[in-house]
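Chains as they are written, first to last, in the working numbering: chain H, -16 to 345; chain G, 11 to 184. Beta carbons are placed, not taken as given, at the ideal position from N, Cα and C, and that holds for glycine. All values reported here derive from a predicted model rather than from experimental measurement. Structure record follows, encoded as structure tokens.
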Amino acid sequence: MRHPSDGTLRRLVDEPAGVPDVDRAHVAACPGCLSGLAAAQRDATLTGAALDVELSTDVAAGWHRLAGTLAADGRRHPATARPARRWRTALRSPVIAAVAAVAVLAGASAAAAANWLEIFRTERVAPVTFSQADLVELPDLSAYGTVEVTHRPQLREANGPAAARQATGLPLPQVGKLPRGVTGAPTYRVGDRMEAVFTFSAEQAARTAAAAGEPLPPPPAGLDGSRFRLVAGPGLAAVWSEARGVPALIVARAVAPTAYSSGTPFQTARDYLLSLPGLPADVAAQLRHFSADGATLPLPVAADQLSSRPVDVGGVPATLLTARDGSMAGVVWAHDGQLTAVAGSISADEVLSVARELRWTR
Amino acid sequence: MAVSTPGRRAPVRADLEQVFRAAYARVVAVAARVLGSRDEAEDVAQEVFLSFGRSGVPAGEAPAWLSVAAAHTALNHLRSGRRRASRERVAGVADPVSPDVADAVVTLDERRRVRAALARLPRRQALALVLRHSGLSYAEVAAALGLSPGSVGTVVRRAESALRKELSHHASPE
């Protein structure tokens, strides 16, 4: 019979089960083919050894780098489209409309924390306690009225510390002692004040509720047509980068998000919006604790990615977030109407130590 | 809500991180077989995952797609990178793993020749070789390269034979 091809002999080395029985039987009894098989085996081993490289890969570091590139990629094409999109994403939910602080943190607040937020976003720390499914299921805000973005943050890199301070009017962070592995001078990113106006429409809300098959709870007197102005920023961030452009440490401060109401008190509107159909009960319960004074910081967390715990920074209550894979940590707090965040690809201890030793220069 | 999306570009797929964490080590390993250097392999892996992140490749096909993309990209690097060889040499000389300097030189020399030989192979042979040695099955290699499973062995065999000649030719004393 015909001898099997070299290719068949080669496959016999790796995947004998893939070679027909008749060929295997032939090879077993054919000295010529056995010798060919041995040669194939030898070359395969030699090649395997030549190609083999002993490797230890650091998946967390790899992901960090990719996330950093994606974030930077986003920053390279931001201009006008992206901040607007952020606002839209952020304002998609009536909950978010109700609670300005959440709104701003959930997406638009980039001005607040610039790069810091980027890190958190890529780590999927949408700072909202909703699960991802909740976020997707929440109805679009336009279902309850109209949203108009009146100021966009225009995120950009400042040409040095003086320019950052001038652009934002905020003090500059002075880090006492940089964590190990973080070196050099920071670059500065700034974002302008951002502002959006949401006008509640009872008619639209009723239509939305009807479409969902549920009646709209009667709105409080005067809510229809009420306008809520959501304001945040300006903000600045000092960013220390690794060689490959992945942020190693970020210290950011921004004017905390605040909601202003025309007519109906914000509190009233919030409670009403919280009662609308489509809002998970546990989320509603958490949101009731939020205020519009910029002093309370809702920092809901994707529990599978991050763990969070309360800490103290210079006597102010803060929230410490730690990636479950240990790749990053961050701490954030609100004080005197300003948000401050320290985050980076460093340990929780290092983050806290930087946060507690921060000084600010005017 | 995963990574946000800039202007007109394709959105970053939601499962990117999950796929990345599952497949990163393997993708680096594929590229490292071609390039012989971890740093460069990591660069290739980043490129590959960036493309994957904006692609619509079905999640089930991701592992094979990533391996093939890694092999292709790494071979592109290999062919375009003249500077790489010298960098590798510098990195390798400092390699503390080798107990014997003479051994290290031979290994490095060999490594360089393997890479040179890979760069000279027809693209399909080089891909089949690298993918097979990266653990893809004959059926997977066949699907990736548009070959019949029967001919994968033939292509791989040819490539290995060419590599062996390259190595033994240079290994013989002159």
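For residue i, the first and last residue of its enclosing alpha helix (DSSP H)
i, result
"P144(H)", "P144 to T151"
"Y34(G)", "L26 to L45"
"G15(H)", "P14 to L34"
"E140(H)", "Taken as a continuous stretch (DSSP letters only), E140(H) belongs to no alpha helix (DSSP H), being part of the beta strand (DSSP E) at R139 to A141."
"T(-9)(H)", "D(-11) to D(-3)"
"E185(G)", "Because residue 185(G) is not part of the residues shown, which for chain G are 11 to 184, the question remains open."
Spatially closest choice to residue i from the options, by CA coordinates
i, options, result
"N86(G)", "R168(G), V44(G) and L139(G)", "V44(G)"
"A154(G)", "R167(G), A169(G) and A136(G)", "A136(G)"
"E176(G)", "R133(G), L60(G) and R122(G)", "R122(G)"
"L259(H)", "A0(H), G196(H) and G15(H)", "G196(H)"
"V325(H)", "A193(H), Y255(H), P162(H) and V180(H)", "P162(H)"
"W46(H)", "R89(G), Q28(G) and S161(G)", "Q28(G)"
"V10(H)", "R(-15)(H), D26(H) and T28(H)", "R(-15)(H)"
"P144(H)", "P169(H), G159(H) and V299(H)", "P169(H)"
"R31(G)", "A43(H), V294(H), I233(H) and Q157(H)", "A43(H)"
"L49(H)", "E150(G), Q56(G), L128(G) and A24(G)", "Q56(G)"
"V58(G)", "A127(G), L76(G) and R125(G)", "L76(G)"
"A55(H)", "L29(H), A33(H), S224(H) and H134(H)", "S224(H)"
Distance between residue j and residue i (C-alpha atoms, nearest Å)
i, j, result
"P217(H)", "S328(H)", "25 Å"
"A93(H)", "S178(G)", "At A93(H) the pLDDT is 29, less than 50, meaning the model places this residue with poor confidence; the figure from the coordinates comes in the next sentence. Going by the C-alpha atoms only, they are around 60 Å apart."
"S158(G)", "E140(H)", "54 Å"
"L341(H)", "S290(H)", "24 Å"
"P68(G)", "V22(G)", "14 Å"
"S184(H)", "E178(H)", "20 Å"
"W343(H)", "E333(H)", "19 Å"
"A39(G)", "P73(G)", "13 Å"
"A80(G)", "A41(G)", "6 Å"
"G128(H)", "T251(H)", "17 Å"
"A331(H)", "N142(H)", "30 Å"
"D(-11)(H)", "G51(H)", "48 Å"
"V165(H)", "V222(H)", "10 Å"
"R190(H)", "L60(G)", "42 Å"
"V166(G)", "R133(G)", "12 Å"
"P66(H)", "L53(H)", "Only weak support exists for where P66(H) lies, its pLDDT of 30 falling under 50; the coordinates are left without a value."
"L256(H)", "A194(H)", "17 Å"
"Q157(H)", "G31(H)", "54 Å"
Partner residues on chain G for residue i, Cβ-Cβ distance less than 7 Å
i, result
"G297(H)", "Chain G residues near G297(H): none, gap ~32 Å exceeds 7 Å."
"R(-6)(H)", "Y148 and G163"
"R31(H)", "The amino acid at residue 31(H) is misidentified as Arg; the sequence shows Gly. Those are H143, listed as they occur along chain G."
"D26(H)", "E170, S171 and R174"
Below-8 Å beta-carbon distance, residue i vs any chain A residue
i, result
"W343(H)", "Of the protein chains in the structure, H and G, none is chain A."
Per-residue contacts from residue i into chain H (C-beta, under 7 Å)
i, result
"R31(G)", "V42 and W46"
"L157(G)", "Per Cβ cutoff of 7 Å: no residues; L157(G) is ~10 Å from chain H at best."
"G160(G)", "G(-10)"
"A35(G)", "T40 and V42"
Interface residues of chain H facing residue i [CB-CB closer than 8 Å]
i, result
"A55(G)", "G45"
Range covered by the beta strand (DSSP E) that runs through residue i
i, result
"L219(H)", "G218 to S224"
"R342(H)", "R342 to T344"
"Y171(H)", "T170 to G174"
"L304(H)", "V299 to A306"
"E178(H)", "M177 to F183"
"V314(H)", "A312 to H318"
Beta-carbon neighbours of residue i, restricted to chain G and to distances below 9 Å
i, result
"D4(H)", "Correct list: empty, because the minimum Cβ distance to chain G is about 15 Å."
Near the ligand ADP: residue i beta-carbon under 7 Å from a heavy atom
i, result
"A41(G)", "The model on display carries no ligand, and the ligand ADP is accordingly not part of it."
Cross-chain neighbours of residue i in chain H, by beta carbon under 9 Å
i, result
"V124(G)", "T30, A33 and L34"
* Tell me, please, whether the region 172 to 180 of chain H touches the region 27 to 37 of chain G by the rule of three or more beta-carbon pairs shorter than 8 Å. => no
* **Inter-stretch contact (C-beta, 8 Å, three-pair minimum) for the region 201 to 213 of chain H and the region 143 to 155 of chain H** => Counting Cβ pairs under 8 Å, fewer than three are found: no touch.
* Pair every Cβ in the region 43 to 62 of chain G with every Cβ in the region 73 to 84 of chain G, then say whether three or more of these pairs are closer than 8 Å. => Contact check between the region 43 to 62 of chain G and the region 73 to 84 of chain G: three or more CB pairs, one atom from each, fall below 8 Å, which counts as touching.
* Would you check if the region -8 to 12 of chain H and the region 20 to 30 of chain H touch, i.e. whether three or more CB-CB distances between them fall below 8 Å? => yes
* Hey, is the region 128 to 143 of chain G in contact with the region 58 to 68 of chain G, meaning 3+ C-beta pairs nearer than 8 Å? -> no
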